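Structure record follows, encoded as structure tokens.
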Amino acid sequence: MTFMTEEWIKLKHKLDNSKRVYIFGAGFSGWRVYEHLRFYPYSFFFCDNNSEKIGTVAYGERVVSVEDAAKDSERVILIPHGKYETEMVNQLKEYHLESDEYAICYKSLIPLKKTRIEIQVVDHCNLKCKGCNHLSPLAKEYFIDIEELKKDYIQLNNLFGERIERICLLGGEPLLHPQLKDICILTRRYFKNTNIAIITNGTLLDKQNEAFWDMCVDNRISIEITEYPVNVSYSKIEKRLQDRGVDVKVFSSISSFVHYPIDELGRQDAYESFKLCDRANTCLLLSNHRIYPCAIPPNIKYYNSRFGTNINVKEEDGVSIFDEKDAESAFSKLSSPIDFCKYCDMKNAKNEIWGISSFEKNEW
Ligand code: SF4
Ligand code: SF4
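Numbering-wise (the working numbering), the sequence shown opens with residue 4 and increments by one.
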């Protein structure tokens with residue numbers, strides 16, 4: 004039984020029958036589509052209207068003008084789904100392209116070939132952000148069990164091997180786990196060549212001792228800090244870690260977040276929600292021996308218990324790493340909508356100003 008969507012099967016047919024694949028836009032949206040497709044055996048290019056980008060190389064692929072891409076008769080042009088898609092379609096129509104010569108591309112529907120996996124080492128967080136998509140402000144204290152994690156790592160290796168490119172240890176706030184050092188060492192033991200990063204809000208980094216930093220250097224564990232508008236000197240921390248030889252990255256200050264409203268009654272079209280979802284098939288989360296296409300289903304229990312709702316997670320919403328036959332089959336399931344997506348009102352997603360949670364339902 005195949006889990007690939009009809010839409011992906013049709014797009015793949017188009018890609019298989021084209022000599023060159025151009026991704027419209029050498030910016031962030033184009034990169035996200037490329038990230039999903041880059042291990043497929045196609046000849047990729049970007050096409051862009053920005054004269055400063057034309058003739059350069061982006062993400063390892065050549066950037067050409069949209070006009071040149073349109074003139075190539077043995078190509079397909081992929082338009083990343085997003086706010087510019089209508090303008091892009093209109094521009095291609097001006098070059099007289101027929102609708103079978105381009106396609107809107109929904110990255111969530113593309114089965115991955117390699118992936119990153121997120122591990123929620125704690126569920127709770129010391130910084131309670133409004134609308135947190137791991138629902139950490141509502142979470143009880145929970146610390147992942149190292150022995151259970153070890154079993155999952157052995158099985159993840161059996162199932163995916165080198166197809167796991169990156170492991171993100173996160174939360175909640177991962178530095179709240181008293182055994183984070185041991186978790187990092189364990190992760191490196193099972194994933195020798197994988198990029199491993201601790202994703203943190205940075206507020207507890209000053210409390211870590213020298214042994215922790217030695218462990219990060221010895222085990223090639225990166226620290227990735229998301230900057231929040233709180234009283235923390237992120238630049239000082241960054242400098243301190245750099246001087247200590249730790250691989251550190253600071254991501255610019257969060258001022259807003261995307262609010263994807265939860266529809267408690269599950270009235271949404273799961274397929275449409277999944278297709279439009281930015282997180283789907285990108286932020287794969289391992290929880291209780293299952294991989295989910297995002298962090299919401301395994302954490303919805305905290306919403307249910309806070310607000311007295313009964314939003315239901317089905318077993319098959321997550322891919323069981325112990326029951327799946329191989330990586331290909333896991334990747335195709337993870338690129339298909341799950342029943343749970345009917346609780347996500349993607350059409351009404353909007354940007355909201357970042358703030359500390361008041362634990363109100365309308366933040367989610
Ligand atoms: S810092 Fe991150 S994990 Fe913590 S509440 Fe904010 S968004 Fe959630
Ligand atoms: S449940 Fe589905 S639609 Fe909702 S955030 Fe996750 S992947 Fe996206």
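Each residue gets a CB set at the ideal place from its N, CA and C atoms; glycine is no exception.
Given the structure is predicted, the values throughout are model-derived calculations rather than measurements.
Starting from the Cα of residue i, find the closest Cα among the options and give me that residue.
| i | options | result |
| --- | --- | --- |
| THR229 | ASP221, ARG223, PHE215, THR206 | THR206 |
| LEU148 | VAL316, GLU331, ASN291 | Before going further, note that residue 148 is Asp rather than Leu in the sequence given. ASP148 has its Cα closest to that of ASN291, out of VAL316, GLU331, ASN291. |
| CYS132 | SER258, LEU178, GLY33, PHE325 | SER258 |
| GLU319 | SER339, ASP329, ALA330, ASN302 | SER339 |
| LEU18 | HIS39, LEU81, ASN313, GLU227 | LEU81 |
| ASN234 | ASP209, SER111, LYS86, ILE57 | ASP209 |
| ALA333 | TRP34, ILE299, LYS117, HIS262 | LYS117 |
| GLU55 | ARG41, PRO296, GLY28 | GLY28 |
| VAL79 | LYS22, GLU168, LEU288, GLU70 | LYS22 |
| ILE265 | LYS336, ASP75, LYS96, THR312 | THR312 |
| ASN53 | LEU40, TYR295, VAL69, PRO140 | VAL69 |
| SER225 | ILE202, PRO232, CYS344, PHE31 | ILE202 |
| ASP342 | PHE254, LEU14, TYR274 | TYR274 |
| ALA73 | THR59, ASN93, LYS86, ALA61 | ASN93 |
| PRO232 | GLY63, LEU40, TRP357 | TRP357 |
| TRP367 | CYS286, LYS317, GLU267 | GLU267 |
| CYS286 | GLN123, PHE6, ARG65, ASP217 | GLN123 |
| SER256 | ILE186, GLY30, GLU227 | GLU227 |
| VAL36 | LEU115, GLY269, GLN271, TYR295 | LEU115 |
| GLU38 | ASN284, GLU9, ARG243 | ASN284 |
What is the DSSP secondary structure of residue i, counted as helix, strand or coil?
| i | result |
| --- | --- |
| MET349 | helix |
| LYS15 | helix |
| LEU39 | According to the sequence as given, residue 39 is His; it is not Leu. Helix, per DSSP. |
| ALA200 | strand |
| ARG394 | For the chain, the structure presents residues 4 to 367; residue 394 sits outside this window and is missing. |
| HIS123 | Checking the sequence shown, residue 123 turns out to be Gln, not His. If DSSP states are grouped into helix, strand and coil, GLN123 belongs with the strands. |
| GLU366 | helix |
| SER111 | helix |
| SER21 | coil |
| ASP155 | helix |
| CYS219 | helix |
| ALA214 | helix |
| GLU10 | helix |
| ASN129 | coil |
| ILE359 | strand |
| GLU327 | coil |
| GLU168 | strand |
| MET4 | Caution is warranted here: a pLDDT of 44 is assigned to MET4, below 50, making its placement in the model unreliable, and the coordinate value is therefore given only provisionally. Here MET4 sits in coil by DSSP. |
| CYS135 | coil |
On the DSSP bridge assignment, give the partners of residue i in chain order.
| i | result |
| --- | --- |
| VAL233 | Beta-bridge pairing links VAL233 to no other residue. |
| GLU227 | ILE202, LYS252 |
| ARG65 | VAL60 |
| LEU287 | DSSP output for LEU287 lists no bridge partner at all. |
| LEU173 | GLN123 |
| ALA106 | LEU81 |
| PHE146 | VAL125 |
| ASN354 | VAL261 |
| PHE27 | CYS50 |
What is the residue span of the alpha helix (DSSP H) that residue i lies within?
| i | result |
| --- | --- |
| THR190 | 183 to 193 |
| THR89 | 88 to 97 |
| SER335 | 330 to 337 |
Could you pull the start and end residues of the beta strand (DSSP E) that residue i belongs to?
| i | result |
| --- | --- |
| PRO83 | 78 to 83 |
| GLU275 | Where GLU275 is concerned, there is no enclosing beta strand (DSSP E), although the alpha helix (DSSP H) it sits in stretches over 273 to 279. |
| SER46 | 46 to 51 |
| VAL316 | Run containing VAL316: none; DSSP gives neither H nor E here. |
| SER259 | 259 to 262 |
| ILE294 | 293 to 295 |
Answer yes or no: do residue i and residue j have a C-beta to C-beta separation smaller than 7 Å?
| i | j | result |
| --- | --- | --- |
| TYR109 | ASN160 | no |
| ASN222 | ARG191 | yes |
| VAL67 | PHE47 | no |
| GLU121 | LEU173 | yes |
| GLU176 | ASN204 | yes |
| VAL125 | LEU179 | yes |
| ILE369 | ILE314 | For residue 369 there is no data in the structure shown, the boundaries of the chain being 4 and 367. |
| LEU138 | TYR305 | yes |
| ILE113 | HIS84 | no |
| GLU151 | HIS127 | no |
| ALA330 | PHE215 | no |
| HIS262 | LYS364 | no |
| LYS336 | SER111 | no |
| ARG169 | ARG119 | yes |
| GLY321 | ARG282 | no |
| CYS50 | TYR25 | yes |
| ALA200 | CYS171 | yes |
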